[in-house]
Amino acid sequence: MRPRHTAAWCKMSSEMATMPLSKPRVYLIDDEPDILKILRDVVELTGLEAYCFSQAADFINEVQCFEGENILILDLQMPRIDGIEVIRHLAKMENSPELILMSGQDHAVLSGAENLAVAHALVVRGTLEKPLSIARLRNMLEPQASIRSSKPIGDPIGLGHDVSVEELREALDFDQFVLHYQPKEEFALKGASKYSAECLVRWQHPAQGLIYPSRFIELIEKQGWMPDLTTIVFKQAISQQRQWQKEGLQIDLSINVSASDITSLILPETISRLLADNELDTTTITLEVTETELMGELTTSLDVLTRLRLKGVLLSIDDFGTGYSSLLQLYRMPFSELKIDQSFVSKIVVDMEALAIVKACIVLGQQFNMRVVAEGVEDLATKELLAELGCQAAQGYYVAKPMPCEDFSAWLASQLKS
Ligand code: C2E
Ligand code: MG
Ligand code: MG
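Per the numbering used here, the sequence shown starts with residue 3, numbered consecutively.
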């Protein structure tokens, strides 16, 4: 049944009908009358209309559907129904408002609530600690207010298997996979920046166009076909690297490998032979391994990873900080690089807890004598902060998005010129 508004709401909505449709409606819920008044004044100063509720129960009873664009400024700590219960309620509704979350408690409570809202697929405009910063609130109400990432910390990028097993087999058999290359920028103390690249696989589907790994990697893994994909990826990556080398470009490459790859005892020999055949040095390749995937067959993966390191291949622990045994894996396995997960990196400028985690990862990497790379760097402020903290390299949309090999060469040439 379609949600409806109550009689009280209908009275209120006739007033709203006079508002221009393009402006968002701003709902306010706070049990403290003084705060509610300040919030209403700030909202009205920005030219928006405020709808105030001193009790969450009234909001829940009176507002039973949302139309157009809406913002809800929500206090978390309230008697009877609290902000978390309101978030749970909104998650069940259609077209829920974008949230601005407030709390007088410590920052961890606010970030917990934010993560919960994002996990419910709600959009969070920002969080406010009490006492309130009016300037921050006004920024969050701006039409182009930057909306926080809707990727929950620790979660993989959107999964879905809308592709069929038969099509996937055909793609493996008929070479429908291509690589895109995303630059990693080394923080140079002096002189020009140096770049390497991560190889990211895409499926060039004959009818659907380019398909990203979140739509097929899991299915490949489930079918036991990962070694087939990894072979395709390695062959393409290494022949591209060789091509670049012939053109005078020395580009170190990172290649993602999965659990099933590192349980194959012949992997070190296969890789070193492929590199030797192409006259490439093993130290120009880094294998990126996702930590949670290492937990299965410990002895085999330790054997394979150690022999890869002995042959000179570099190893990176990918998405660091999101698995269950990050520290244990770091302790046991011979990694040479630690790659901090993007869900922490992308928040360091606005979130003290994410910043603390990134700082701790950098110290940990230094203690283990590892290179520390940050992924998910989306703006200059983040890049500068990471360099200041002692991180060695940055990867992310701010440096450049992943791109086909021709675009990568052109991009690199333009960087080296400037
Ligand atoms: P990953 O290895 O952690 O790769 C980073 C992912 O983050 C890539 O997504 C990349 O496009 C994306 N990314 C890079 N910079 C930014 C940024 O600034 N902001 C945001 N929001 N995202 C950014 P992609 O290409 O969709 O790959 C997703 C995952 O699929 C990879 O995560 C990796 O685990 C897996 N994958 C990709 N290629 C391969 C492959 O050849 N073999 C295997 N086994 N797995 C692969
Ligand atoms: Mg990776
Ligand atoms: Mg990663």
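Ideal placement from N, C-alpha and C gives every residue a C-beta, glycine not left out.
Worksheet item: So, is D353 buried or exposed, given that buried needs 16 or more other C-beta atoms within 10 angstroms?
Response: buried
Worksheet item: Is the closest heavy atom of ligand 3 to the C-beta of K349 under 7 Å?
Response: no
Item to complete: For P1, I'd like the list of residues in its chain whose CB is within less than 7 Å of its CB, leaving aside the five on either flank, ordered along the chain.
Response: Coverage of the chain is limited to positions 3 through 420, which leaves residue 1 absent and any answer about it impossible.
Discussion item. What would DSSP say about K313, mapped onto helix, strand or coil?
Written reply: The answer is coil: DSSP assigns K313 none of H, G, I, E or B.
Item to complete: Please confirm whether any heavy atom of ligand 5 lies closer than 7 Å to the CB of Y53.
Response: This structure does not include ligand 5; its bound ligands are ligand 1, ligand 2 and ligand 3.
Discussion item. If I measure Cβ to Cβ from Y399 and keep anything under 7 Å in the same chain, skipping five residues before and after, which residues do I get?
Written reply: E380
Practice prompt. Measure from the alpha carbon of S345 to the alpha carbon of each residue in I73, L47 and T384, then state which is nearest.
Written response: T384
Worksheet item: Is DSSP giving M104 helix, strand or coil here?
Response: strand
Practice prompt. Report the residue ranges of all beta strand (DSSP E) runs contained in full by the segment 160-225; include only those spanning at least 3 residues, in chain order.
Written response: 179-188, 196-207 and 211-213
Practice prompt. With DSSP as the reference, label E249 as helix, strand or coil.
Written response: coil
Item to complete: Can you check the segment 31-109 for any beta strand (DSSP E) of at least 3 residues that lies completely inside it and give the ranges in chain order?
Response: Every unbroken stretch of the beta strand (DSSP E) spanning 3 or more residues and falling wholly within the segment 31-109 is given here in chain order: 52-55, 72-77 and 100-105.
Discussion item. Does Y333 pass the burial test, meaning 16 or more other C-beta atoms within 10 Å, or should it be called exposed?
Written reply: exposed
Worksheet item: Apart from the five residues just before and just after T285, which ones in its own chain have a Cβ nearer than 7 Å to its Cβ?
Response: Cβ neighbours of T285 beyond the five flanking positions: G314 and L316.
Item to complete: Output the boundary residues of the alpha helix (DSSP H) element that contains S411.
Response: C407 to K419
Discussion item. My parser needs the alpha helix (DSSP H) runs of 4 or more residues fully inside the segment 302-382; what are they?
Written reply: With a minimum length of 4 residues, the continuous alpha helix (DSSP H) runs that stay inside the segment 302-382 are 328-334, 344-347 and 354-369.
Discussion item. Here's a check: name, in chain order, each residue in its chain whose Cβ is nearer than 7 Å to the Cβ of V351, leaving out the five neighbours to either side.
Written reply: Counting only residues of its own chain and dropping the five nearest sequence neighbours on each side, V351 has a CB closer than 7 Å to the CB of A383, T384 and L387.
Worksheet item: With distances taken from CA atoms, which of L38, I136, F68 and N371 is nearest P336?
Response: N371
Worksheet item: So what does DSSP say about I287, is it helix, strand or coil?
Response: strand
Discussion item. Rounded to the nearest angstrom, what separates S303 and G325 at their Cα positions?
Written reply: 17 Å
Worksheet item: When every heavy atom of ligand 3 is checked, does at least one fall within less than 7 Å of the C-beta of E377?
Response: yes
Discussion item. If you reduce the DSSP assignment to three classes, tell me which class I257 lands in.
Written reply: strand
Worksheet item: In this structure, does DSSP put G398 in helix, strand or coil?
Response: coil
Practice prompt. Over the uninterrupted alpha helix (DSSP H) stretch that includes E271, give me the two end residues.
Written response: L269 to D279
Fill in: Through-space distance from L289 to S15, alpha-carbon basis
Residue placement at S15 is poorly supported in this model, since its pLDDT is 44, which falls under 50; the coordinates still yield a value, given next. Distance from the CA of S15 to the CA of L289, rounded to the nearest whole angstrom, comes to 58 Å.
Worksheet item: Can you tell me the Cα-Cα spacing of L101 and A239, whole angstroms?
Response: 43 Å
Practice prompt. Tell me where the beta strand (DSSP E) around L139 begins and ends.
Written response: Unbroken run through L139 is the alpha helix (DSSP H), I136 to L143; no beta strand (DSSP E).
Worksheet item: Are V375 and Q397 closer than 8 Å when you measure CB to CB?
Response: Closer than 8 Å, so yes.
Discussion item. Please tell me whether Q423 and A402 are closer than 8 Å, where the distance is taken between their beta carbons.
Written reply: This structure does not reach residue 423, given that the chain is present from 3 up to 420, and the question cannot be answered.
Worksheet item: If you measure from each residue's Cβ to the nearest non-hydrogen atom of ligand 2, which ones come out under 6 Å, in chain order?
Response: Proximity annotation: ligand 2 has residues E200, N258, E290 and D320 in chain order, each selected because its CB is closer than 6 Å to a heavy atom of the ligand.
Fill in: DSSP-derived helix/strand/coil call for G128
G128: strand per DSSP, three-state reduction.
Worksheet item: Which partner residues does R27 have in the DSSP bridge list?
Response: R27 pairs with N72.
Discussion item. Is it the case that the segment 86-103 contacts the segment 120-135, given that we only count it when at least three CB pairs across the two stretches are under 8 Å?
Written reply: yes
Worksheet item: Is the segment 101-117 close to the segment 61-78, with three or more CB pairs under 8 Å?
Response: yes
Item to complete: Evaluate F179 with the Cβ neighbour count: other Cβ atoms within 10 Å of its Cβ, from every protein chain shown; 16 or more gives buried, anything less gives exposed.
Response: buried
Worksheet item: Distance, Cα to Cα, R204 vs Y214?
Response: 5 Å
Discussion item. Could you tell me the alpha carbon to alpha carbon distance between A199 and M95, rounded to whole angstroms?
Written reply: 43 Å
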